[in-house]
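For reference, the structure discussed in these notes is given below.
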Amino acid sequence: MTTVFDTVSGRVRGRAPDRGIVAVLGVPYAEPPFGAARFREPRPRHAWAGVRDCVEYGAVSPQSAELPGAPRWSPGDEDILSLNVWTPERGSGAETRPLPVLVWIHGGAYTFGSSAQPDFDGAALARAGLVVVTLNYRVGFEGFGHVPADDEDGCPPNRGLLDQIAALEWVRDNIASFGGAPDHVTVAGQSAGATSVACLMAMDGARGLFRRAIAHSAVGPVFAPELAEHVTRKVAAEAGVPATHTGLAAASPHALVRASDAVADGYRQDPHSGHISWDPVIFGPVADGRLLRADPLGALADGVASGVDLLVCHTTQEYWLFDAVGSSAEVTTMTELSRFAEDFGIPDPVLEGYRRIMPEASVYETYLAVAGDLMYGEYSNRLADAHVRGGGRTFLSRFARQRGGAGPGVYAWHCADVPFAFGNIADASAHFLIGGPPTPEDHRLSARMVAAWAAFAAAGDPGWQPLGDASRAAIRIWGAADAAVGSGSWRDGEALRELWSPFTYRPARP
40 MTTVFDTVSG RVRGRAPDRG IVAVLGVPYA EPPFGAARFR EPRPRHAWAG VRDCVEYGAV
100 SPQSAELPGA PRWSPGDEDI LSLNVWTPER GSGAETRPLP VLVWIHGGAY TFGSSAQPDF
160 DGAALARAGL VVVTLNYRVG FEGFGHVPAD DEDGCPPNRG LLDQIAALEW VRDNIASFGG
220 APDHVTVAGQ SAGATSVACL MAMDGARGLF RRAIAHSAVG PVFAPELAEH VTRKVAAEAG
280 VPATHTGLAA ASPHALVRAS DAVADGYRQD PHSGHISWDP VIFGPVADGR LLRADPLGAL
340 ADGVASGVDL LVCHTTQEYW LFDAVGSSAE VTTMTELSRF AEDFGIPDPV LEGYRRIMPE
400 ASVYETYLAV AGDLMYGEYS NRLADAHVRG GGRTFLSRFA RQRGGAGPGV YAWHCADVPF
460 AFGNIADASA HFLIGGPPTP EDHRLSARMV AAWAAFAAAG DPGWQPLGDA SRAAIRIWGA
520 ADAAVGSGSW RDGEALRELW SPFTYRPARP
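For the sequence shown, my numbering assigns the number 40 to the initial residue and increments by one for each residue that follows.
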């Protein structure tokens, strides 16, 4: 089996096969977005001579996060727009048919993360019959900060999304060399990556680059332009530069990372800053009216992606993760809980309903439940609803697996579903998310989730019925044993959805 593959920019060499899978890592899909190219659209990669060794993950986008098992960014790292491919060894006969392709977009609050996290190793999904691609894109200010234009070329918003489109164009042009079918692409993501997927479904620039989409724990809503401009003014002031293209370009990526972290911390410390004080994510896709015309909820309901099959999943206790890692606000009184609801425009009946459904919960536990459903669970459900209204085939699932035992419990919290769907629960990096080494039952659950993703990418059928006007009960519950909705747990049913019916998601403003 050769480990050398042709691309439009040159030949690349991957790692030797490991249990039937070849990994080709750190393949550049665009030019480094720095120097004169900083804050601009991604540019096609220049050709290189000879064979490029691609056996290590590429550099990550400027960020302050240091994630276990992943490379850290260092000032001077500029070749950050790269991707990774896992492909099965190819034999003869029927095995040479092109395979479905799954392209993964990582999350990280649009501010941190990379494709190199151990959870995202694509080998298990490749063994299930897919060619798997994961990618890096610009995050933080480099990818999503508003940059005023000083010239007619302009500095587009949503540069991180444009990077993702460039990677999908690379897949279209090159994936056949790796055994993949360029007309059989599924784009998938979790958290910020899931909302990126939803935005790509709504963007004209991504039209035709994929036929199916998977969104786990989509987070919403997107930003209004006023919020992006407001954040830029604060970041520029913190960095000590004018809030202009020239001023921002004069600040190093490292300086803008530090300034952005300081601005986010300032919001966190200021209870008078409204909704952004509770979970200060200061960057995100911007509904600019051109590249991204509106929040995906409205766009999908209008049918812009009716030809794309969509698989949505969210966890049933999303926000408990942020309690576990110490990043959740400490909401312990009804006054604080009411202020949280007021800052987000949550109607009083929503809180009253949660207190009624969770009568033994503390105020803090109620806050965690409401916050998780506001930011992830209900937004994900609305995404599924919108695609159905727009005429798209839509599948919905919820991840409810928990682990009890001695010590603190492990909930069905944010990110816990990802190592199960990738088939990577045995890796030590996943043990915090899943509560220790996996049990035999965990392995069976992971195998079912891997099979569902592979079947959806291959044929658009994950193994249960799509949503429809007459059958809202077609929802897969991932847990100790798969179940249809309505198993008796309030988390499995639709009671919470009724509570949220008066609430409307609108692009976030200052």
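For glycine and all other residues, C-beta sits at the position ideal for the given N, C-alpha and C.
Check                                                                                                          : Outcome
Contact belief for Tyr544 with Asp318 at Cβ below 8 Å, rounded distance in angstroms                           : Tyr544 to Asp318, Cβ: 15 Å. No contact.
Whole-angstrom C-beta distance between Asp348 and Gly499, which should lie under 8 Å                           : 5 Å
Residue environment, Thr46, which counts as buried when at least 16 other CB atoms sit within 10 Å             : buried
Simplified DSSP state of Gly146, which is helix, strand or coil                                                : coil
Close Cβ partners of Leu122 (< 6 Å) along its chain, the five nearest in sequence each way excluded            : Val66, Tyr68, Val172, Leu174, Ala206
Nearest residue (CA-CA) to Val224, options Ser299, Ser103, Trp143, Leu200                                      : Trp143
8 Å CB neighbourhood of His185 in its chain, flanking five on each side removed                                : Pro196, Pro264, Ala267, Glu268, Val270, Thr271, Val325
Same chain, Cβ closer than 7 Å to Ala493, neighbours up to 5 away in sequence not counted                      : Leu164, Ala167, Gly168, Leu169
Alpha carbon of Pro477 to alpha carbon of Ala75, nearest angstrom                                              : 48 Å
Cβ neighbours of Pro310 in the same chain (closer than 7 Å, five flanking residues each side left out)         : Ser316
Backbone CA spacing between Trp87 and Cys93 [nearest angstrom]                                                 : 13 Å
Residue interval of the alpha helix (DSSP H) (run including Cys238)                                            : 231-241
Three-state class that DSSP yields for Asp318 in the structure shown                                           : coil
When Glu404, Glu417, Glu357 are compared against Leu372, the one with the closest alpha-carbon                 : Contrary to the premise, residue 372 reads as Thr rather than Leu in this sequence. Taking only the C-alpha atoms, the option nearest Thr372 is Glu404.
Alpha carbon of Arg77 to alpha carbon of Glu181, nearest angstrom                                              : 8 Å
DSSP three-state assignment for Ile204, whether helix, strand or coil                                          : helix
Where Ser419 sits in the DSSP three-state scheme                                                               : helix
Pairwise C-alpha distance: Gly384 and Leu390                                                                   : 12 Å
Sub-7 Å separation of Pro110 and Val124 beta-carbons                                                           : no
Presumed contact (8 Å Cβ cut-off) between Ala278 and Ala290, rounded CB distance                               : 5 Å
Residues that Pro127 bridges to, as DSSP identifies them                                                       : Ile60
Sequence-distant residues of the same chain with beta carbon closer than 8 Å to Phe249, five excluded per side : Val142, Leu207, Val224, Thr225, Val226, Leu239, Val347
Beta strand (DSSP E) runs contained entirely in the segment 211-295, provided each spans 3 or more residues    : 219-229, 251-255
Beta-carbon gap between Pro386 and Pro541 smaller than 7 Å                                                     : yes
Arg394 (DSSP reduced to helix, strand or coil)                                                                 : helix
Residue range of the unbroken beta strand (DSSP E) whose run includes His353                                   : 348-354
Distance, Ala245 Cα to Ile204 Cα                                                                               : 6 Å
Nearest-angstrom Cα separation, counted from Ala400 out to Pro81                                               : 49 Å
Paired residues, beta bridge with Arg52 - DSSP                                                                 : Val43, Asp92
Cβ neighbours of Ala460 in the same chain (closer than 6 Å, five flanking residues each side left out)         : Met488, Trp492
Buried versus exposed, by CB contacts within 10 Å (16 or more), Gln308                                         : exposed
Exposed unless 16 or more other CB atoms sit within 10 angstroms - verdict on His353                           : buried
Run of the beta strand (DSSP E) containing Trp359, from where it starts to where it stops                      : Looking at the DSSP string, Trp359 is not in any beta strand (DSSP E); the run it does join, the alpha helix (DSSP H), is 359-363.
Residue from Arg515, Ser436, His482, Ala465 with nearest C-alpha to Asp158                                     : Ala465
Straight-line Cα distance separating Ala439 from Leu484                                                        : 11 Å
Selection from Pro187, Ala340, Ala275 that minimises the alpha carbon distance to His284                       : Pro187
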